[in-house]
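Since the structure comes first, as structure tokens, the remarks are kept for the end.
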Amino acid sequence: AKLLGLKDASLLRDAAYINGAWVPAQTKFDVVNPSTQAVLATVPNLAEPDAHAAIAAAQAAFPLWAAKTGKERANIMRRWFDLIISHADDLAAIMTAEQGKPLAEAKGEVIYGASFVEWFAEEAKRVAGDVMASTWSDKRMVVLRQPIGVCAAITPWNFPIAMITRKVAPAVAAGCSIVIKPAEQTPLSALAIAELAHRAGIPAGIINIITADAEQSVAVGKVLCDSSVVRHLSFTGSTPVGRILMRQSAPTVKKLALELGGHAPFIVFEDADIDAAVEGALLSKFRNSGQTCVCTNRFYAHASVYDEFVSKLAAGAQKIRVGDGFDAGVNQGPMIDAQAVAKVEEHVADAMAQGARLLAGGKPHSAGELFYEPTVLADVTASMLVMNEETFGPVAAVVKFTSEEEVIAAANNTDFGLASYFYSRDIGRVWRVAEKLEYGMVGINTGLISNEVAPFGGVKQSGLGREGSKYGMDEYLEMKYLCMGGI
Ligand code: ADP
Numbered sequence: 007a008k009l010l011g012l013k014d015a016s017l018l019r020d021a022a023y024i025n026g027a028w029v030p031a032q033t034k035f036d037v038v039n040p041s042t043q044a045v046l047a048t049v050p051n052l053a054e055p056d057a058h059a060a061i062a063a064a065q066a067a068f069p070l071w072a073a074k075t076g077k078e079r080a081n082i083m084r085r086w087f088d089l090i091i092s093h094a095d096d097l098a099a100i101m102t103a104e105q106g107k108p109l110a111e112a113k114g115e116v117i118y119g120a121s122f123v124e125w126f127a128e129e130a131k132r133v134a135g136d137v138m139a140s141t142w143s144d145k146r147m148v149v150l151r152q153p154i155g156v157c158a159a160i161t162p163w164n165f166p167i168a169m170i171t172r173k174v175a176p177a178v179a180a181g182c183s184i185v186i187k188p189a190e191q192t193p194l195s196a197l198a199i200a201e202l203a204h205r206a207g208i209p210a211g212i213i214n215i216i217t218a219d220a221e222q223s224v225a226v227g228k229v230l231c232d233s234s235v236v237r238h239l240s241f242t243g244s245t246p247v248g249r250i251l252m253r254q255s256a257p258t259v260k261k262l263a264l265e266l267g268g269h270a271p272f273i274v275f276e277d278a279d280i281d282a283a284v285e286g287a288l289l290s291k292f293r294n295s296g297q298t299c300v301c302t303n304r305f306y307a308h309a310s311v312y313d314e315f316v317s318k319l320a321a322g323a324q325k326i327r328v329g330d331g332f333d334a335g336v337n338q339g340p341m342i343d344a345q346a347v348a349k350v351e352e353h354v355a356d357a358m359a360q361g362a363r364l365l366a367g368g369k370p371h372s373a374g375e376l377f378y379e380p381t382v383l384a385d386v387t388a389s390m391l392v393m394n395e396e397t398f399g400p401v402a403a404v405v406k407f408t409s410e411e412e413v414i415a416a417a418n419n420t421d422f423g424l425a426s427y428f429y430s431r432d433i434g435r436v437w438r439v440a441e442k443l444e445y446g447m448v449g450i451n452t453g454l455i456s457n458e459v460a461p462f463g464g465v466k467q468s469g470l471g472r473e474g475s476k477y478g479m480d481e482y483l484e485m486k487y488l489c490m491g492g493i
């Protein structure tokens, strides 16, 4: 805590949080700063029995929480929101230390993460059932909406707070309890917001955090999937792991929300405002070092604006300041681990071998082991790895196209369907293209689309369900039909 200069040192927790108590453990694992490789803390490496204990705690706590009114839950959640906001600087410092993203970006995520708590606190008051027009004169037909029960969440490291609050806030607002297994790289952010939930008065057992390393995460995940007490599993992460969890959840026919990989296309039409497109492209590509599932992976620029777009994009990429997230003025931090860097290197090497033209970056950055230069590749073709796999790194690959039909077909030619982007000022084209893109989200003349009011999610193998928005609570509510006769 001293090292991070936290105002409130008790936000830095090194125990798991189960049934309202901080649970130490014999076996621990290191949390490492990806910028410096310094060990920040050691946290419990929990196992199957701890997962069972957390599920039992969530099960025991559920009935009382579910029985509260939406307004009572909303008031407690509002306190949690206020606490997150008032500790935003400390939460951002913890996040930058364990995840690497620049401090300003971390603070932005804290605010974004908090917005889900605020939004769903408000939505807690608006859960409404329904009364149907009966087809029987002596019967009445009513629909209740009730909390689904004990939930589980498995979350990734790229948004250490927001990916938790986006799941936990609607669950808790609906009256559910939840067991969270945060990413092994970023447990400290999860524990810090649990500390604030505790202070806000969210009762013991409603929110539980099980920390585990990569290997134990698999074992804990198995327990969460196998449990018939756990009625809902929400996962954000890679598509392969999503498939495993889906398979493991089949025996208990669990309700699933999956936010999986993306392979976002970003199309620049000939009628686009090129400077605006470049600005949107830089935001969509290089944010969080390219490590978000809505980051652009494939740029398509029309032949008539291609040269201008790629040269301006390269100029923009060269202006990005790479370094430690705590250093002032830095806008790109390290990658999360060596594997992430290796994937970027593989994609760049493959593209170069197949004839791509390097316009910016293209190699590891001198700031440290896990840093990679913001990279722009032109003359990219469909056979290159970067066009077929999610890079999850700071590499902008640009392809030239000539017709609207051709580029829509290319953009849709993937098993992924999360985010997509395009720039055009032709209103007819805007509607045509927006309707034809097979994606859950379409950014039109913008590279930044996520907020708590909008439904976030993908089609095809990018996942199931939507998070945030007025639809986000549906995941955590079951419908119950009452048929009332004898009237
Ligand atoms: P990434 O590639 O972004 O790290 P992963 O899908 O590997 O994404 O990991 C996302 C989350 O899923 C992390 O919390 C990780 O611990 C967890 N995880 C990975 N593999 C499994 C598994 N087999 N069972 C349960 N959880 C898993």
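The opening position of the sequence shown corresponds to residue 7 in full-length UniProt numbering, with each subsequent residue numbered one higher.
By construction, the Cβ of each residue, glycine as well, lies at the ideal position given by its N, Cα and C atoms.
When the options are compared against residue i, the one with the closest alpha-carbon
i	options	result
residue 258	351, 340, 246, 232	232
residue 248	237, 262, 235	262
residue 393	67, 230, 303	303
residue 209	341, 281, 182, 371	182
residue 378	351, 80, 361, 404	351
residue 332	100, 368, 90	100
residue 473	97, 203, 271, 239	239
residue 255	107, 237, 246	237
residue 46	171, 64, 18	18
residue 133	171, 36, 76, 97	76
residue 174	156, 34, 315, 390	156
residue 398	144, 266, 179, 138	266
residue 166	404, 199, 148	199
residue 412	309, 457, 354	309
residue 94	202, 421, 78, 31	202
residue 185	36, 60, 29	60
residue 391	365, 355, 368	355
residue 366	317, 405, 340, 386	317
residue 493	305, 389, 485, 142	142
residue 475	298, 85, 152, 127	127
residue 345	150, 191, 242, 97	191
residue 307	260, 251, 279, 405	405
residue 177	153, 296, 148, 164	153
residue 89	335, 423, 116	116
residue 340	109, 433, 160, 299	109
residue 72	486, 299, 179	179
Where residue i sits in the DSSP three-state scheme
i	result
residue 363	strand
residue 144	coil
residue 151	strand
residue 316	helix
residue 16	helix
residue 485	strand
residue 7	Caution is warranted here: a pLDDT of 47 is assigned to residue 7, below 50, making its placement in the model unreliable, and no coordinate value can be reported.
residue 214	strand
residue 49	strand
residue 222	helix
residue 129	helix
residue 34	strand
residue 332	coil
residue 385	coil
residue 118	helix
residue 26	coil
is_contact[residue i, chain C] using C-beta, thresh 8 Å
i	result
residue 140	Of the chains in the structure shown, none is chain C; there is only one protein chain.
Point to revise | Stretch pair the region 280-298 + the region 405-421: three plus CB contacts closer than 8 Å | key: The region 280-298 vs the region 405-421: no contact.
Point to revise | Segments of 3+ residues assigned as beta strand (DSSP E) that fall wholly inside the region 228-305 | key: The region 228-305 contains these whole beta strand (DSSP E) runs: 236-242, 261-265, 270-274.
Check your understanding: Are at least three pairs of beta-carbons, each pair with one atom in the region 52-62 and one in the region 204-223, less than 8 Å apart?
Key -> These segments touch.
Review point. Which whole runs of the beta strand (DSSP E) in the region 153-203 are 3 residues long or more, in chain order?
Key: Complete beta strand (DSSP E) runs here, min 3: 156-160, 183-187.
Review point. For the region 404-458, which segments carrying the beta strand (DSSP E) assignment without a break, of at least 3 residues, lie completely within its bounds, in sequence order?
Key: Secondary structure within the region 404-458: the beta strand (DSSP E) runs of 3 or more consecutive residues, fully enclosed, are 425-429, 447-450 (chain order).
Exercise for review: Check whether the region 58-73 touches the region 105-123, counting contact only when three or more Cβ pairs, one atom from each stretch, lie closer than 8 Å.
Suggested key: The region 58-73, when compared against the region 105-123, does not touch it at the 8 Å Cβ threshold.
Check your understanding: Does the pairing of the region 103-121 with the region 192-209 give three or more beta-carbon distances under 8 Å?
Key -> Touching, yes, given that three or more Cβ pairs across the two stretches are closer than 8 Å.
Check your understanding: Quick check: the region 266-274 against the region 421-435, are there 3 or more CB pairs under 8 Å?
Key -> By the Cβ criterion, the region 266-274 is in contact with the region 421-435, since at least three pairs of Cβ atoms, one from each stretch, lie closer than 8 Å.
**Study point:** Given 8 Å, three or more beta-carbon pairs between the region 462-469 and the region 433-441
**Key:** No: the two stretches stay apart, fewer than three of their Cβ pairs being nearer than 8 Å.
Practice item. Assess, as a yes-or-no matter, whether the region 353-369 is touched by the region 133-144 under the definition of 3 or more beta carbon pairs within less than 8 Å. Key: The way I'd put it, the region 133-144 doesn't touch the region 353-369; fewer than three beta-carbon pairs between them come closer than 8 Å.
Point to revise | Uninterrupted beta strand (DSSP E) stretches inside the region 61-87 (no shorter than 3 residues) | key: Segments of the beta strand (DSSP E) lying fully in the region 61-87: there are none.
Review point. Quick one: any contact between the region 311-331 and the region 368-376, if contact means 3 or more CB pairs under 8 Å?
Key: Judged by Cβ distances under 8 Å, the region 311-331 makes contact with the region 368-376, as three or more pairs qualify.
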